[in-house]
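Line order of the protein sequences matches chains S and V. For what it's worth, the working numbering labels the leading residue of the first sequence as 3, then goes sequentially. For what it's worth, the working numbering labels the leading residue of the second sequence as 669, then goes sequentially. All residues carry an ideal CB built from backbone N, CA and C; glycine is no exception. Everything below concerns the one structure shown next.
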Amino acid sequence: DAGVTQSPTHLIKTRGQQVTLRCSPKSGHDTVSWYQQALGQGPQFIFQYYEEEERQRGNFPDRFSGHQFPNYSSELNVNALLLGDSALYLCASSLGAGGPYNEQFFGPGTRLTVL
Amino acid sequence: AQSVTQLGSHVSVSEGALVLLRCNYSSSVPPYLFWYVQYPNQGLQLLLKYTTGATLVKGINGFEAEFKKSETSFHLTKPSAHMSDAAEYFCAVGGSQGNLIFGKGTKLSVKP
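Structure (structure tokens):
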């Protein structure tokens with residue numbers, strides 16, 4: 003079992019650019035959640051995808067968007083990058099959506115640096 | 669609204685000493701509580717979770733936590749620290765949206 007995988011590992015962009023991050027969930031999982039972890043902070047929930055739809059969303063602007071594919075993998079897109087978007091972006095997968103008790107398995111993250 | 673407060677952003681212990689990392693939560697509904705560990709440049713790994721039932725929860729690597737409703741706490745303990753325990757630890761509560769609401773984390777240092 004490969005677990006949750008994310009690509010790329012690191013990414014450097016400049017302000018105003020757009021970025022796409024990718025995530026493959028743990029085998030058998032159908033739900034993908036994305037989190038942003040700024041330096042020295044705990045992860046913050048961005049959104050969750052289930053059945054190829056955004057089901058829940060945290061307090062993030064529309065510049066943050068995503069997609070889930072039929073094979074359950076997911077992408078996170080961020081437009082018009084700001085310096086404050088520099089962070090570790092974590093993908094987590096789980097089985098089923100909506101429940102606060104669902105155990106989430108995290109990937110290693112993508113470190114995004116915006117210059 | 670649900671929230672988590674971790675007391676102490678940095679805790680330092682000697683190898684072999686007791687580890688105690690504090691977590692208090694706020695929730696209007698029965699909480700689901702989690703502890704995750706994050707090693708440098710890695711993602712989060714689940715240590716243990718409380719859903720319902722027994723209030724003393726045992727996890728991996730010798731860690732355990734006790735759910736105390738009256739104190740709204742879910743502190744993480746380990747009787748004897750190892751050098752390999754040095755990492756950052758996050759307490760989280762399961763949100764109604766199916767997300768996790770994390771505290772700001774506690775960095776654990778272990779001195780030889």
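Between the C-alpha atoms of residue 96 of chain S and residue 42 of chain S, what's the straight-line distance to the nearest angstrom? Here residue 96 of chain S refers to the residue found at position 94 of the first sequence. Here residue 42 of chain S refers to the residue found at position 40 of the first sequence. Approximately 25 Å between the Cα atoms of the pair.
Say yes only if the C-beta of residue 734 of chain V is nearer than 7 Å to one or more non-hydrogen atoms of the ligand NAP, and no if none qualify. For the structure depicted, the ligand NAP is absent and the ligand set is empty, with no information on it obtainable.
Relative to the alpha-carbon of residue 50 of chain S, which residue among V/767, V/776 and V/707 has its alpha-carbon at the smallest distance? By 1-based counting over the first sequence, the position of residue 50 of chain S is 48. For residue 50 of chain S, the nearest C-alpha among the options comes from V/767.
Where does residue 756 of chain V sit, in a helix, a strand or coil, going by DSSP? Counting from one through the second sequence, the residue named residue 756 of chain V turns up at place 88. Residue 756 of chain V falls in the strand class under three-state DSSP.
Quick check on residue 68 of chain S: does DSSP put it in helix, strand or coil? As a working mapping, residue 68 of chain S is identified with position 66 in the first sequence. In this structure, residue 68 of chain S counts as strand in the three-state DSSP scheme.
At which residues does the beta strand (DSSP E) containing residue 62 of chain S begin and terminate? Start at 1 with the first residue of the first sequence, and residue 62 of chain S comes out as number 60. Per DSSP, residue 62 of chain S lies in no beta strand (DSSP E) and is assigned neither H nor E.
Local Cβ density within 10 Å of residue 64 of chain S, reported as buried at 16 or more and exposed below that: Position 62 of the first sequence, counted from the start, is the residue given in the question as residue 64 of chain S. Of the other Cβ atoms in all chains shown, fewer than 16 fall within 10 Å of the Cβ of residue 64 of chain S; this residue is therefore exposed.
Closer than 7 Å, Cβ to Cβ, to anything on chain V: give me those residues from the stretch 65 to 95 of chain S, in chain order. Using a CB distance below 7 Å, the part of the stretch 65 to 95 of chain S facing chain V consists of 92, ordered along the chain.
Checking 8 Å against the spacing of the C-beta atoms, do residue 22 of chain S and residue 77 of chain S come in under that value? The residue you call residue 22 of chain S lines up with position 20 of the first sequence. The residue you call residue 77 of chain S lines up with position 75 of the first sequence. The answer is yes: Cβ separation under 8 Å.
Mind listing the chain S neighbours of residue 767 of chain V? Cutoff is C-beta to C-beta under 7 Å, in chain order. Locating residue 767 of chain V in the second sequence gives position 99, counting from the first residue. For residue 767 of chain V, the C-beta contacts it makes with chain S under 7 Å involve 35, 47, 50, 58 and 60, in order along the chain.
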